Every structure is written in structure tokens, then in C-alpha cells.
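If you read the sequence shown in the numbering used here, its first letter stands for residue 56, the second for the next number, and so on. Built from N, CA and C at the ideal position, the CB exists for glycine as well. Treat the numbers as computed from the prediction; the structure is a model and nothing was measured.
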Amino acid sequence: MRTVRLHDTYSGELKELVPRDGRRVGIYACGPTVYARIHVGNARPYVVFSLLARFLAHEGCEPTLVANITDINDKIYDAARPAGRRSDELAAEMTAHYIADTERLGLGRPDHEPQATQMVAEIVALIGDLVAGGHAYAVSGDVYFRVRSLPQYGELSHRDVDQMDQGEGVEGTALKEDPLDFALWKAQKPMEDTAWDSPWGPGRPGWHIECSAMAEATLGAPFEIHGGGNDLIFPHHENEAAQTLAARGQPLARIWMHNGMLQMGAEKMAKSVGNIRGLAEVLDDVGRDTLIWFFCEGHYRQPLAYSSERLEDAARRVERIRDTGRRLVAGDSPDELAPHRDAFFDALADDFNTPRALAAMADWIRDANRAGGPVGDAQLREMLGVLALDNLLAPEAGAPAEVVELAERRAAAREQRDFAAADRLRDELRSRGWEVRDGAAGPELIPIGP
Ligand SMILES: [Zn+2]
């Protein structure tokens, strides 16, 4: 495997990824709070960390991707109440939408998608450990983290503790020992229609402790990569890191990776700003191939400008790949093109630089187009596969009916283990200019080229 380096927010430097047991890489990427449909900006971390996991698998690692679902949160109560809805019903409905909307990205599911409502026991146990260790205190049914009990607090976000605001407003101010402290457990309030039992009375966990507990329960601590949008560095990730370090004496994660925001004009796309485009809406408009290409055109750490021009440009580039695919033949690519393929993967190993990887792919395509004879598509398919775009090389619904019929007869022969007949039919297909390839999604018909 290549040496993979990723930018670590904690150290402020590129850090070498060191898999556990030489192979395993745990990735925890903070997922959505399910109080509304997700917008296309929320899809960026989903795409970035799914593709990173695919790349690491290509390099021979065994990645485990965890993306949580925050289904206990103030925002859910705040959205349900004016709509006259039960908060748990709203969360369940938006969870289903989130699953369906992200499913349409065609990236598969994360390996684990823990929900806070399913992990309250683990969350309560972690809070209990913090109280027992003197890092947290219970007061009037709430529990707060004692920030000044942890000297390392502030090291992830590089902030001075005296310049911090936990963003909890006036809530709990009278109960906190120090305004810097933040809530781990909140007693049920009269307008809240859900609550869970705890040693401190009925209530529900704070957002930050949910993630510490869900990450530890699914990946152990420390795990290799903690990811999320850079708007989460403070207070959410600072507090996640603090909770686990205080409770376990171990860091939560080895590398903290943060993606930049999707920008609409000069501002980040956010529900609070009111400039959002729904993920489902965008997928209806441009399709998943174009959207994934668009995300890959930006370096994950940088802000990415969302505009119809950029999407149209991405659509043209996707079409160019399809065009190239039509001129290629199935099979091995020439060795002379391999340096471009290697440059593609080297770029991904260098802080997951997808724009540089796409440039290397463009070089591959340029040289493939210049080559005199038919060029095999294997290297391009390998590159596109890591970006979940190898479908661009699949033949369009162009195979004539009699060819499809031959392929079906071959599949039936294989099913009956009549391999001689299957081979005969494969040769027959070849003589008509079609290669049949047995992929994960079943047999595919690929034209053998000019
Ligand atoms: Zn989180």
C-alpha cells in the first residue's frame, strides 16, 4: 500500500495514516441531525468519507466507515413543536428520507449508522464514568462537563479557553460551575415529548456525548480517522475529544480530518442561512454521476462554490468520460499509460487530493486518445472505480436484442453448470463484437470496440 498522508486538524500538519494491525482503518464521520431533509452541502462529507474508504480499500486496507444519525437533539424538538408533530415521529421520518436521499448517491451505505436513540445505555455509561472521574457534575437533573478539569481542552480547535462560547445560550447558565462547561445530560423540560431514564433522572443526552459514545461503541478508541465538516471543529469535536480523553485517558482519534463547506455565493450553504438546495432536488436535476464529479473537482479541505455553471461543467466532463469509454476496448491498458494511473493514486494518497487525481486521469485520457490502435480500459476503470464512477464505462442500453438473448442463454448455461455451452455462447458473443463480463451486479455486455 502507498503511504497515505492526511491533514490533521489537531497537529495542523500532514500525518501518516497508520492502520491498526497493519490493515484496519476506522473512520467516524459525523452525520446529520434528522430534523429536516438534507441539503447538498450535507452530502459533501458523506461523499468525501465514502470515497476515502473506497480508496483505502483499493490500497489494501480494511476500512470501517461509521456515519452516525443524530436523532436526539434540540433542533428536532424545535422543528417538531411548531409543526404540531411528535419529535420522535419527525426524527424517524427524516431518518428514512436521509437514508433514501443518500442511497441515490450510489456509494453504498457506511458500515455502521448508529442512532443516538439506540445507544442511550452506552451514552449514559460514558457520562457516569466522567462523573466518577471528577470531570463532570450533576445538578438539578442535568450533567455538565467540567472543562477546566482537562488541561488539554482547546488543543484540537487551537483556541484559548477564555475565548470560548459553547453556544448553549442562557440555557443552564445558573446551574453551571463555569460558563465554559457544557451539557452532557439535560433533564426533560415540560415541552419535550421524549425522555430516557438515567441515574440523574429522565432526560436526554447532549449532542457531543452522543458522538463520543457512538464512535467508541463502533470503533473502539483511539481509532484512526475522525471526520466531519470544519464547522464542527468547535465546539462539537473539541468536546467529543475532551470527553473521551477525560473518561479513557486515551485520545478519541489519531487523525482529525475536516472538509470545507459548500458555498453559495459568499456564504456557506446552511439551513440557518436559508440558501439551501435539497440533495434529492439536485439529484433530480443533474444525476449522481455529475454531482460526485463536482465534489471531486474541489479539494475536500477547501470551500467549494456551488453554482449551476460548475454543475454544467461537471456534466460535460462526465460526458467526455463516456465518450472516451466508447472508444476504448475491454481489457488491459498499455504500460505507457500506467504513470498517469499511478499519479492518480499518488494524488489521493497525498491528503486525498481529488482535483489533482482528476488531472492525472485527464492526462491518461489525452494519451489514450493519441494512441494509434485500440486501447484497453482497465486502468481507467480502476481509477473511476475508486470514485464510484466506473459505471460511466458500462455500455449504454445499446446491445441488440439478439446479443442480449445470447447473453441470457449464456447466463442460464452457467447456472446449470454447463460451462462448455457457456463458453460457446461467449465466443459467439465475441464474434458479434461483445464481451460479457461477470460483475458484482450480474453479467454486463461491453462492446469490444472498433
Ligand atoms: Zn459528531
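Thr228 carries a coil assignment under DSSP once its states are collapsed to helix, strand and coil. Listed in chain order, the beta strand (DSSP E) runs fully inside the region 73–140 are 79–84 and 117–122, counting runs of at least 3 residues.
Cβ atoms of Gly282 and Pro100 come within 8 angstroms of each other, at about 6 angstroms. The shortest C-alpha to C-alpha distance from Glu352 to any of Glu391, Arg309, Ala415 and Arg303 is the one to Ala415.
In this model, Glu226 and Pro410 are separated by some 44 angstroms (Cα to Cα). It is roughly 7 angstroms from the alpha-carbon of Tyr65 to the alpha-carbon of Ile310. DSSP, read as helix, strand or coil, puts Pro498 in strand. DSSP places Asp63 inside the beta strand (DSSP E), whose first and last residues are Arg60 to Asp63. Leu359 has its alpha-carbon roughly 30 angstroms from the corresponding atom of Ile264. DSSP places Leu239 within a strand segment (E or B) once states are collapsed to three. By the C-beta density criterion, Thr299 is buried, having at least 16 other C-beta atoms within 10 angstroms.
Where Leu211 is concerned, there is no enclosing beta strand (DSSP E), because DSSP gives it neither an H nor an E. The secondary-structure analysis by DSSP pairs Gly380 with nothing; it has no beta-bridge partner. Judged by the Cβ position, His291 qualifies as a neighbour of ligand 1 at the 7 angstroms threshold, a heavy atom of the ligand being closer than this.
Cys85 has its Cβ nearer than 7 angstroms to a heavy atom of ligand 1. The three-state reading of DSSP puts Leu444 in coil, since its state is none of H, G, I, E or B. Residue state for Arg332 is assigned as coil, using DSSP reduced to three classes. Within the same chain, and ignoring the five residues on either side of Glu177 in sequence, the residues whose Cβ sits closer than 6 angstroms to its Cβ are Ala268 and Ala272. Short note on Cys266: C-beta closer than 7 angstroms to some heavy atom of ligand 1. Contact between Leu484 and Val459 fails: their C-beta atoms lie close to 10 angstroms from each other, not under 8 angstroms.
Ala276 and Leu181 have their alpha carbons spaced roughly 13 angstroms apart. Relative to the Cα of Asp432, the nearest Cα in the group Asp378, Ala475, Glu148 and Ala468 belongs to Asp378. By the Cβ neighbour-count rule, Lys244 is exposed, with fewer than 16 other Cβ atoms within 10 Å of its own. Contact between the region 331–346 and the region 354–370 is present: 3 or more CB-CB pairs across the two stretches fall below 8 angstroms. In the structure shown, the three-state DSSP call for Arg164 is coil. Exclusion of the five residues before and after Leu162 leaves Ser105 and Ala443 as the residues of its chain whose Cβ lies within less than 6 angstroms of its Cβ. Selection Ala229, Leu461 and Ile331 evaluated against Gly320 yields Ile331 as nearest (Cα-Cα). The region 350–415 contains, as complete alpha helix (DSSP H) runs of 4+ residues, the segments 363–382 and 393–404 (chain order).
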